[in-house]
Amino acid sequence: MYPAPFRYHRAATVEEAIARLVEIGEGARALAGGQTLLVWLKMRFDEPTDLVDIGRLPGLRDIEQEAGRVRIGALATHARIARAPLARQIPIVGDCASGIADNQVRSRGTIGGSLAAGDPSCDWPVLLTTLDAEVHCRGPSGTRTLPADGFVQDLYATRLEHGELVTGVSFALPGKGSAGAYVGFKRCAPAFPTSSVGVQLTLNGDDCTEARIALGSAGLTTIRAKAAEAELRGRTLGAGVIAKAAAAAAAAAEPVADQRGSPAFKRSLIDALVKRGVEVARRRARGETVEVSHEYY
Amino acid sequence: MSWTGTSVRRKEDDRLVRGRGLFTDDELEPGMLHLHILRSPYAHARIVRIDTSAAEALPGVACVLTGREVAAQCDPVMQLGPPPCDKIRDLPMAVDKVIFQGEPVAAVAADSVALAEDAAALIDVEYEMLDAVVDAEDALSDRSILHEAAGTNRTWQGVYEYGDVEGAFRDAAFVVRIPRMQFHRFASTPLENNACIAEWKRQGGVDFLCNNSFPGFAQQLLAPGLRLKADQVHIRTYDVGGSFGNQIWNYVYMAVAALVSKKTGGRRVKWAETRSEHLLASGHGNERTYLDTEVALDREGVITAVRSRHIDDCGAYTRYEPLGCVIWSQVLAATYKVRNLRIDFTQTVTNKCPVVPNRGYSRMQQLWFMERIVDICAHELGLPADEMRLKNYITQFPYETPNGCVYDSGDYPAMLTRAKELIGWDRWQKECAAGRKAGRLIGIGIGTTLDSGTNNFGQARIMNPYLPFSGNSEVCTMRLDLEGAVIVCLGTTPSGQGHETAASQVAADVLGIDPSMVHVRPGFDTAWNTFVGHSGTYASQFAVTGLSAVHGAAQKLKAEMRRLAAYMLEAAEEDLEFGTGAQGPEVRVKGTDKAINYWYMANLVNNNNALLDASLADVTLNVRHVYRPPFKVPDTERKFGNLTLTYAAQLHIAVVEVSRETCRPQILAYAAVDDCGTLINPQIAHGQVHGATSHGIGAAIMESLDYDESGNLLTGTFSDYCPITALNLPDIAWGNIETPSPFTYSGAKGMGEGGGAPLHTMSAALQDALHGAGVIVTGSHHPAPRLFEILQKPNRAEAVSVERRGGKQARR
Numbered sequence: 000m001y002p003a004p005f006r007y008h009r010a011a012t013v014e015e016a017i018a019r020l021v022e023i024g025e026g027a028r029a030l031a032g033g034q035t036l037l038v039w040l041k042m043r044f045d046e047p048t049d050l051v052d053i054g055r056l057p058g059l060r061d062i063e064q065e066a067g068r069v070r071i072g073a074l075a076t077h078a079r080i081a082r083a084p085l086a087r088q089i090p091i092v093g094d095c096a097s098g099i100a101d102n103q104v105r106s107r108g109t110i111g112g113s114l115a116a117g118d119p120s121c122d123w124p125v126l127l128t129t130l131d132a133e134v135h136c137r138g139p140s141g142t143r144t145l146p147a148d149g150f151v152q153d154l155y156a157t158r159l160e161h162g163e164l165v166t167g168v169s170f171a172l173p174g175k176g177s178a179g180a181y182v183g184f185k186r187c188a189p190a191f192p193t194s195s196v197g198v199q200l201t202l203n204g205d206d207c208t209e210a211r212i213a214l215g216s217a218g219l220t221t222i223r224a225k226a227a228e229a230e231l232r233g234r235t236l237g238a239g240v241i242a243k244a245a246a247a248a249a250a251a252a253e254p255v256a257d258q259r260g261s262p263a264f265k266r267s268l269i270d271a272l273v274k275r276g277v278e279v280a281r282r283r284a285r286g287e288t289v290e291v292s293h294e295y296y
Numbered sequence: 000m001s002w003t004g005t006s007v008r009r010k011e012d013d014r015l016v017r018g019r020g021l022f023t024d025d026e027l028e029p030g031m032l033h034l035h036i037l038r039s040p041y042a043h044a045r046i047v048r049i050d051t052s053a054a055e056a057l058p059g060v061a062c063v064l065t066g067r068e069v070a071a072q073c074d075p076v077m078q079l080g081p082p083p084c085d086k087i088r089d090l091p092m093a094v095d096k097v098i099f100q101g102e103p104v105a106a107v108a109a110d111s112v113a114l115a116e117d118a119a120a121l122i123d124v125e126y127e128m129l130d131a132v133v134d135a136e137d138a139l140s141d142r143s144i145l146h147e148a149a150g151t152n153r154t155w156q157g158v159y160e161y162g163d164v165e166g167a168f169r170d171a172a173f174v175v176r177i178p179r180m181q182f183h184r185f186a187s188t189p190l191e192n193n194a195c196i197a198e199w200k201r202q203g204g205v206d207f208l209c210n211n212s213f214p215g216f217a218q219q220l221l222a223p224g225l226r227l228k229a230d231q232v233h234i235r236t237y238d239v240g241g242s243f244g245n246q247i248w249n250y251v252y253m254a255v256a257a258l259v260s261k262k263t264g265g266r267r268v269k270w271a272e273t274r275s276e277h278l279l280a281s282g283h284g285n286e287r288t289y290l291d292t293e294v295a296l297d298r299e300g301v302i303t304a305v306r307s308r309h310i311d312d313c314g315a316y317t318r319y320e321p322l323g324c325v326i327w328s329q330v331l332a333a334t335y336k337v338r339n340l341r342i343d344f345t346q347t348v349t350n351k352c353p354v355v356p357n358r359g360y361s362r363m364q365q366l367w368f369m370e371r372i373v374d375i376c377a378h379e380l381g382l383p384a385d386e387m388r389l390k391n392y393i394t395q396f397p398y399e400t401p402n403g404c405v406y407d408s409g410d411y412p413a414m415l416t417r418a419k420e421l422i423g424w425d426r427w428q429k430e431c432a433a434g435r436k437a438g439r440l441i442g443i444g445i446g447t448t449l450d451s452g453t454n455n456f457g458q459a460r461i462m463n464p465y466l467p468f469s470g471n472s473e474v475c476t477m478r479l480d481l482e483g484a485v486i487v488c489l490g491t492t493p494s495g496q497g498h499e500t501a502a503s504q505v506a507a508d509v510l511g512i513d514p515s516m517v518h519v520r521p522g523f524d525t526a527w528n529t530f531v532g533h534s535g536t537y538a539s540q541f542a543v544t545g546l547s548a549v550h551g552a553a554q555k556l557k558a559e560m561r562r563l564a565a566y567m568l569e570a571a572e573e574d575l576e577f578g579t580g581a582q583g584p585e586v587r588v589k590g591t592d593k594a595i596n597y598w599y600m601a602n603l604v605n606n607n608n609a610l611l612d613a614s615l616a617d618v619t620l621n622v623r624h625v626y627r628p629p630f631k632v633p634d635t636e637r638k639f640g641n642l643t644l645t646y647a648a649q650l651h652i653a654v655v656e657v658s659r660e661t662c663r664p665q666i667l668a669y670a671a672v673d674d675c676g677t678l679i680n681p682q683i684a685h686g687q688v689h690g691a692t693s694h695g696i697g698a699a700i701m702e703s704l705d706y707d708e709s710g711n712l713l714t715g716t717f718s719d720y721c722p723i724t725a726l727n728l729p730d731i732a733w734g735n736i737e738t739p740s741p742f743t744y745s746g747a748k749g750m751g752e753g754g755g756a757p758l759h760t761m762s763a764a765l766q767d768a769l770h771g772a773g774v775i776v777t778g779s780h781h782p783a784p785r786l787f788e789i790l791q792k793p794n795r796a797e798a799v800s801v802e803r804r805g806g807k808q809a810r811r
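Top line first, the protein sequences correspond to chains H and W. To convert, note that position 148 of the first sequence is 147 in numbering that gives the first Met the number 0; the numbers rise steadily by one, no gaps. To convert, note that position 306 of the second sequence is 305 in numbering that gives the first Met the number 0; the numbers rise steadily by one, no gaps.
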C-alpha cells in the first residue's frame, strides 16, 4: 500500500513537463489527478522512477464553447465537468461525469487522465467515442489531434507516445434533434461499471437519421457498436428496431468473466442498457428532462 | 426519573467527532519502528528457501524476522479443539509451508512503513507449489492435507440429536427435502484495521497498545506462546473503530510485533494493517454447507422434525475454532417450536483465510438455515409466509429448547404484527400479486432471528470436554475520587457501542445523579485497570455483563456512602436519600436540609480520615464488582444445557424486486423490528439495529469473499468486495417492542450482533419474487450476476422435493 520510491517533479508549463518526461525517459510518468496512477503505484503494479506532476499546469482545466464546438481542458476534473453548465446543456456529458466512481474520485480525477490511463472500465473514452470527439495532444514533436474512437488501442495502451500529453478534448455541439444518454450499471459507487453504454441519436420525430453507440467495460477497449448503429440509422424507432440494435450491441461486446459477472450476464446487461439509453435519448430529443446516470444496488 | 430508557447523548462522540480519539495507529513517536509483513502469494506451498540479506542490507532497516526464528522463540498457540486439533501447529508466521494466501512469511521493521515495504520486496522466497483445497467437501476427502501432523483436514465432527426424529418422520404428512444449501463467506469490515504497538521490556515482558477486542483471552494465548507469565503480557486498548468479533484474533500479529521488538533490543514497533491485508488475511466469517436436509411437517404445516448434515469451512487455521461447531446450537431451532432435530456437524480446514468470530458468529448460519427451511416449506406447500411463521413460532416464555437453552422472553407474533404495520403488509401483498401477474419479479419476505447474548463458556466443553472454561463474567470498579467525582472503570473494550454513555446512565440511576457527573474511563489495561478472564467486547453481552457489573459496583459504592453519611449526619441509614443539592450530588436526611456532599465524603476517606470512627475502617469508596451470570456446566454427553442468558429478537420484512433488465435486486421497502428487552439507551440501540441491518444487507446482495480454485482471493479490493455504504441502503423503518428479560437486573438483553436478520429476510423476499420463475433460494448471496445465472437455469426441480403422504394420519 506504499509506492516504491520515486522522484517527484512539478512542471510549471506544458513545455517543461514534456521536456522532463523526454529527458527522464522510460521510467517517467505524468501525474495529473492520480486516481488511476496512484492506485497502481500503491499496489506496486507500476514502479516508475519519476513522477512529473502536471496537475497544476495553467490553462488546462477550462471548459469552453466556440464555433459550434465544445473544448474541455485535460485537467478538468469529473466533478468540475459535472457541475458545469455544459452538463445540463448536453445531458449525456452530465450522465457520465456525475456517475464516475464516488465524490472523492470525481473531485481529483481528470478527463485527460481517464483517457490516458487506457483502462477499459473508464467512462470518458466511451462517452467521447459516442460523441465522435477529438483528443488534442502535445508532445516532443508538436501538437496533434486524434479521434477519440480508437485512441485507446489495447488494454492500458493508448496512441500517446512517450512524453506526449493529452491537453484537451473537443467535440461538436449536438445539432438539432440530436440527443444522447450515458448509462452504466455497477455494484456500488466506487466500483468500476459492470457495463456502460453511450448512445447519441439524431432524430426527426421517431426517425433516426444518425446513431452512435459505444460500449464500456465490454472488452479490452471501448467498443463501438457499429452494427447496432446500423440497425437504428435510417429507421423509425420502435420496440422491434430498438431490440435489434440492442442485440447487435450485445453481440459486438467481448466481455470477460470476472467478479462483476459472466460474459452472458454482461451481454444481457448491455442489451438492457442500450434499450434504456435509446429510450432516454429519444425522450431528451423530444425536449424532456430525464435524469439518468450509473445505476447501482 | 430514570436515565435507563433515555437517549442520553453519547459522551464519547465529543472526543471522536472532533478527531481527538486515540486509535492505535494515531500513536507515533520518534524512533518508533514500523512493521511490514511479507505475505504468501500462494494458498498452499512449501517454503524451500528464504533469502533476507538484501532486505537487511537496506539502510533504515532494523531487522527481518522469518518463520524459523519465530518457531525458535515462540510456542504454538493453544488449540481449543479435541484431537486432531492438538496436532495443529499454529505459529504467527509460516515456517515450512504456507497454507493460505496472505499468510505471513517474514516481517521487516524499518524507520518508516514505506521503507519496510521496500525492504520486503527485496526478500527472495522460493516456493514449491502444493495442491490447494478451497471447497469444504473436497477438503474432507483429504486429498491434500493442510496440517500434516493432524493427518486429516477434519477438525471436528459431532451429532446433535434431540427428541424422536425417526418417529416424527414416520408420522409426517409432508416431507420436504432440500439436498443442498450454502452460506457464503464474508466479513464485517470494521472501519479501523487491525493494529498494535509492541515494546519488549528490558525487565522482561511486553507492552502492547492494540485494538484487540477480547484482551482477556488474548493474554491467555499470548503469554504461553511468548514464553512469558500472563502478568508480563501488558495489554492496553483505547479507542477502537469497530470490531464485530473480527479483532479477537489479532493476537497473532501482536506476537509478531513483540518478537520483532525483542529482536531489536526492545524498540517500540508498530504494525498497522492495510485494507488490502485486512481483506486478504485478517479474518473471514464461517462458510457453511447444508446437505441432505429433510423436514417433516404435519397436515397443518407445523414442522415436526428437521435432520441435516452441516459442513463448516473454517479456513486454514482453527484459531477461535472449532468453537463455531457448538456456538450455532445456542439457536438450534431458531424461533420455532420444533422439538425433534438431528444435525450432523463437521468442520474442515481449507486453504483460505482463517475464519474468526464475525457479527452473528456461527448462529446466523444456523438461523439462516432454519429460516430457509421454514420459507421454502411455506412456498412449496402453498402456505402464506406469515401464517407459516405463526404456526411454528415459540409462544411461551421462558422456553426450554430441545438442547436445554432457555429463551428468556419474547413475543414473535407481536413483532410480526408491528413489522407488518411498518411496511404496509396488505398493500405490498396486493402490489406483489399484481406485479407478478404483470411479469414483475417482485416479492415480500419475512426474516425472524435471534441475537443470543451473554454466552456460557461452558459450551466450549461440548466441543472439547477438557477445556477449563465455563460461565461468563465482567468487572467494574467504581470510586469517588478526591473531588467527589464518580469514576467508573470497566473491563470492556468498546468499539463504538457507547459504553461510556450507557455505564454513566446506570451508575447515575443507582446514585440518583446526572450521568454527566459520572466519568467512565475507556480503555482496557491488564497492568493498571480491572479485568477478568472474560473481559472484552464480543458476543452481544455488554448490556447484560458490563452493565450488571456497573450496577453491582454502584450499589456497593452507594452502600458505603450511606454508611459514611449516616455516621457523619448522625442519622439512621433508612432516613437518608441520594440526590443533587445546591452543592452538587449529596446524601441528605429526608425532609431536612442536613446533607453531606460527594466532595466531603471523598475528602473524609482520602485526606481527612481522623474524623472517622473505627467502625468505618472498611469504607474505601473504591469498590469492585464482578458480575457472574447464573450458568451451569452443560452436559457434554447429551450436548444439553443453557448456553446463553438472553435472546434478543429481530423481525425484518423486505420488499424486493429483481429487475428484468439488469437483475439488480432492488429493495423497495424495508422494516426492522427489534426486541432487546428493556432499552438502556434507545438511540444507541437504534444505531445498532441500523448497523446490523446494513451489514446484513451488504452480505446478502453485495459482499462475498470469493476464491478461485487455486486459493487466490478474487475480491481483495473494495471495488470487488463492495462493502455496503449509505448509498446502497434503503430507508429502514425501525420499530421496537420490549419484552424484558427475567434473567437480568434491568430486563435488558444483549443486541449488538443482530442475528444477521437481513440475510434471512432478503433470501425470503427473493424466494417470494422468484418462486414463480422456478427458483429455490438455496444460497445466501444474491448479487445481480448470480440472480441472472439462476434465472437462466431455474433450479426448482433439483433443489427441492416434497413427499405428500395422503393416507397416513399426521400428528399435530
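Just so it is clear, CB atoms sit at the ideal spot from N, CA and C, and this is done for glycine as well.
Amino acids of chain W, ordered along the chain, whose beta-carbon sits closer than 8 angstroms to that of H:Arg186: By 1-based counting over the first sequence, the position of residue 186 of chain H is 187. The answer, in chain order, is Met701, Cys721, Pro782 and Ala783.
Residues that DSSP places opposite W:His33 in a beta bridge: Translated into the one-based positions of the second sequence, residue 33 of chain W becomes position 34. W:Ala109 and W:Lys269.
Beta carbon proximity, H:Leu268 to chain W, threshold 7 angstroms: Counted from its first residue, the first sequence places residue 268 of chain H at position 269. At least one CB atom of chain W sits nearer than 7 angstroms to the CB of H:Leu268.
Listed by chain order, chain H residues near W:Val112 by CB distance under 7 angstroms: By one-based count along the second sequence, residue 112 of chain W stands at place 113. Ordered by position in chain H, the residues that pass the 7 angstroms Cβ test against W:Val112 are Tyr1.
Reference H:Trp302, options H:Ala10, H:Leu56 and H:Gly215, closest by Cα: Any answer about residue 302 of chain H is impossible in this case: the structure gives chain H only from 0 up to 296.
Straight-line gap, W:Ala699 to W:Val654 (C-alpha atoms, nearest Å): As a first step, residue 699 of chain W is located in the second sequence; it is residue number 700 there, counting from the start. As a first step, residue 654 of chain W is located in the second sequence; it is residue number 655 there, counting from the start. Taking the CA atoms as reference points, W:Ala699 sits about 14 angstroms from W:Val654.
Those residues which DSSP pairs with W:Tyr289 across a bridge: By 1-based counting over the second sequence, the position of residue 289 of chain W is 290. BP columns for W:Tyr289 point to W:Met180 and W:His309.
Per-residue DSSP class, three states only, for W:Asp450: Stepping through the second sequence from its first residue, residue 450 of chain W is reached at position 451. DSSP places W:Asp450 in strand when its eight states are reduced to three.
Cβ neighbours of W:Arg811 in the same chain (closer than 6 angstroms, five flanking residues each side left out): If you number the second sequence from 1, residue 811 of chain W lands on position 812. Residue placement at W:Arg811 is poorly supported in this model, since its pLDDT is 37, which falls under 50; the coordinates are not used for a value here.
Range covered by the alpha helix (DSSP H) that runs through W:Ala507: Here the question's residue 507 of chain W lines up with position 508 in the second sequence. For W:Ala507, the enclosing alpha helix (DSSP H) stretches over residues His498 to Leu510.
Reference W:Arg388; option with closest CA among W:Val348, W:Val301, W:Asn350 and W:Leu440: As a position in the second sequence, residue 388 of chain W is number 389, starting the count at 1. With distances taken between Cα atoms, W:Arg388 lies closest to W:Val301.
Cβ shell of W:Thr236 (< 7 angstroms), same chain only, five flanking positions each side left out: Taking the first residue of the second sequence as position 1, residue 236 of chain W is located at position 237. Excluding the 5 residues flanking it on each side, W:Thr236 has same chain C-beta neighbours closer than 7 angstroms at Cys209, Asn210, Asn211, Pro214, Thr492, Gly522 and Phe523, in chain order.
Which residues DSSP lists as bridging H:Pro189, in chain order: In the first sequence, residue 189 of chain H corresponds to position 190, counting from 1. When DSSP reads this structure, H:Pro189 sits in no beta bridge, so it has no partner.
W:Val330 vs W:Ser451 beta-carbon contact at 7 angstroms: Numbered from 1 along the second sequence, position 331 holds the residue referred to as residue 330 of chain W. Numbered from 1 along the second sequence, position 452 holds the residue referred to as residue 451 of chain W. Against a cut-off of 7 angstroms, the Cβ pair of W:Ser451 and W:Val330 comes out as a contact.
Within-7 angstroms CB hit, H:Ala156 to chain W: Here residue 156 of chain H refers to the residue found at position 157 when the first sequence is read from its first residue. Not one chain W Cβ lies under 7 angstroms of H:Ala156.
Chain H residues whose Cβ lies nearer than 9 angstroms to that of W:Asp117: Within the second sequence, the letter at position 118 stands for residue 117 of chain W. Tyr1, Ala3 and Pro4, listed in chain order.
Coarse secondary structure for W:His146, derived from DSSP in three states: Against the second sequence, residue 146 of chain W aligns to sequence position 147. If DSSP states are grouped into helix, strand and coil, W:His146 belongs with coil.
Residue burial classification, W:Tyr465 (beta-carbon count within 10 angstroms, cutoff 16): Your numbering for residue 465 of chain W matches position 466 in the second sequence. Burial is judged here by how many other beta carbons sit within 10 angstroms of a residue's own beta carbon; W:Tyr465 has fewer than 16 and is exposed.
Residues that DSSP places opposite H:Val134 in a beta bridge: For this step, residue 134 of chain H is matched to residue 135 along the first sequence. Paired residues: H:Leu145 and H:Val168.
Counterpart residues of W:Arg153 in DSSP-defined beta bridges: Taking the second sequence and counting its residues from 1, one reaches residue 153 of chain W at position 154. W:Thr347.
As assigned by DSSP and simplified to three states, the class of H:Glu65: Residue mapping note: residue 65 of chain H aligns to position 66 of the first sequence, counting from 1. DSSP places H:Glu65 in strand when its eight states are reduced to three.
Residues in the region 233-262 of chain H having any Cβ partner in chain W nearer than 9 angstroms: Against chain W - using a Cβ distance shorter than 9 angstroms - the residues of the region 233-262 of chain H are Asp257, Gln258, Arg259, Gly260 and Ser261.
Unbroken beta strand (DSSP E) run spanning H:Leu280, endpoints: For the purposes of this step, residue 280 of chain H is taken as residue 281 along the first sequence, with counting starting at 1. For clarity, residue 280 of chain H is Ala in the given sequence; the question names Leu instead. First-last for H:Ala280: Pro262 to Ala284, but that is the alpha helix (DSSP H), not the beta strand (DSSP E).
Secondary structure of W:Ile49, DSSP reduced to three states: The residue labelled residue 49 of chain W in the question sits at position 50 within the second sequence. Residue state for W:Ile49 is assigned as strand, using DSSP reduced to three classes.
Residue from W:Glu293, W:Val259, W:Arg308 and W:Arg318 with nearest C-alpha to W:Gly282: Walking along the second sequence from the start, residue 282 of chain W turns up at place 283. Of the listed residues, the one whose Cα sits closest to W:Gly282 is W:Arg318.
Every unbroken alpha helix (DSSP H) within the region 225-276 of chain W, with a cutoff of 4 residues, ordered by chain: Taken in chain order, the complete alpha helix (DSSP H) segments of 4 or more residues contained in the region 225-276 of chain W are 250-262.
Same chain, Cβ closer than 7 angstroms to W:Gln808, neighbours up to 5 away in sequence not counted: Sequence index remark: in the second sequence, residue 808 of chain W carries index 809 (1-based). At W:Gln808, the pLDDT of 46 sits below 50, so the modelled position is not reliable; the number obtained from the coordinates is stated separately. Residues of the same chain with a CB within less than 7 angstroms of the CB of W:Gln808, apart from the 5 flanking positions on each side, do not exist.
Length at least 4, wholly inside the region 320-380 of chain W: the alpha helix (DSSP H) runs in chain order: Annotation: the region 320-380 of chain W contains the following complete segments of the alpha helix (DSSP H) (minimum length 4 residues), in chain order: 323-326 and 362-380.
Inter-residue spacing [alpha-carbon to alpha-carbon] between W:His759 and W:Ser187: For the purposes of this step, residue 759 of chain W is identified with residue 760 of the second sequence, where counting begins at 1. For the purposes of this step, residue 187 of chain W is identified with residue 188 of the second sequence, where counting begins at 1. When rounded, the distance between both Cα atoms is 17 angstroms.
Min CB distance W:Ser718 to chain H below 7 angstroms: Residue mapping note: residue 718 of chain W aligns to position 719 of the second sequence, counting from 1. Residue contact with chain H for W:Ser718: present (Cβ-Cβ distance below 7 angstroms to some residue of chain H).
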